[in-house]
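Peer 1: Each residue of the sequence shown is one higher than the one before, starting from 34 at the first, in our numbering. Virtual Cβ for every residue (Gly too), placed ideally from N, Cα, C.
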Amino acid sequence: MVDGELMNEVLTGEFSPAQGAATKVPQKIIVAYHRAAKRRHESEGEVEIDDGAQVNVFEDGGAYVQAWVWVTDEDACICPTCREELTDDGKGYDGECDSCADRSFEASKPWKPESVWDDHPKFPSSEWRYECDNGDTRLGYVDWVNAQLENDNA
Ligand SMILES: [Zn+2]
Numbered sequence: 034m035v036d037g038e039l040m041n042e043v044l045t046g047e048f049s050p051a052q053g054a055a056t057k058v059p060q061k062i063i064v065a066y067h068r069a070a071k072r073r074h075e076s077e078g079e080v081e082i083d084d085g086a087q088v089n090v091f092e093d094g095g096a097y098v099q100a101w102v103w104v105t106d107e108d109a110c111i112c113p114t115c116r117e118e119l120t121d122d123g124k125g126y127d128g129e130c131d132s133c134a135d136r137s138f139e140a141s142k143p144w145k146p147e148s149v150w151d152d153h154p155k156f157p158s159s160e161w162r163y164e165c166d167n168g169d170t171r172l173g174y175v176d177w178v179n180a181q182l183e184n185d186n187a
């Protein structure tokens with residue numbers, strides 16, 4: 034990275050970029066390449082070109098202008114929640130890894146009792162037991178309550 038101060042040195046010709054750059058390039062030429070790079074390639078959130086970007090001017094014409102390109106977690110296969118690299122290509126819910134996706138799914142359930150012994154005010158466990166005895170459900174109580182709430186909202 035070249036910071037702003039260094040860029041000023043490049044512009045005033047006091048600094049010669051080390052790699053592959055022509056020396057003694059007039060300031061206005063460097064500025065023109067830099068301006069053209071911003072105009073042609075810069076796109077907010079995608080490609081950013083700093084004010085202090087290095088400009089490597091080639092003798093035969095043209096120049097490389099240093100730029101930043103944005104990469105998303107999704108592009109890099111990184112779980113947005115735990116910042117770990119996803120182990121397989123099969124992405125979980127919303128691009129999360131399997132364990133984060135499981136947690137998100139649990140957290141997304143509307144009813145989360147504080148204790149396993151809590152009864153939902155509208156769907157008491159006695160009703161759930163009745164359905165279990167009749168073979169109408171094989172869900173656990175909490176899952177059953179959430180299924181009832183989903184049916185209510187549907
Ligand atoms: Zn994760």
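1) So what does DSSP say about W144, is it helix, strand or coil?
2) Expressed to the nearest angstrom, what Euclidean distance is found between the alpha-carbon atoms of C165 and R171?
3) Within 10 angstroms of its Cβ, does Q87 collect 16 or more other Cβ (buried), or is it exposed?
4) Relative to the C-alpha of N179, which residue among Q99, S148, K142 is closest?
5) Would you list the residues whose beta-carbon is nearer than 7 Å to any heavy atom of ligand 1, in the order they occur in the chain?
6) Do you know offhand how far H74's Cα is from V104's?
7) In three-state terms, what does DSSP make of A54?
8) Taking the alpha carbon of C133 as the point to measure from, which residue in K145, P113, R162, N167 has its own alpha carbon closest?
9) Just mark C115 as buried or exposed, buried being the case when its beta carbon has 16 or more other beta carbons within 10 Å.
10) Cβ of W150 within 8 Å of Cβ of V175?
11) Out of P146, C110, A70, which one is the CA nearest neighbour of D131?
12) Tell me the rounded alpha-carbon separation between H153 and L119.
13) Looking at C-alpha atoms only, which residue of G78, E77, A100 is the closest neighbour of A70?
14) Can you name the residues that DSSP bridges to W101?
Peer 2: Reading off the structure:
1) coil
2) 6 Å
3) buried
4) K142
5) C112, T114, C115, E117, E129, C130, S132, C133
6) 16 Å
7) Because A54 sits at a pLDDT of 46, beneath the cut-off of 50, its placement in the model cannot be relied upon, and the point is left open.
8) P113
9) exposed
10) no
11) C110
12) 37 Å
13) A100
14) E81
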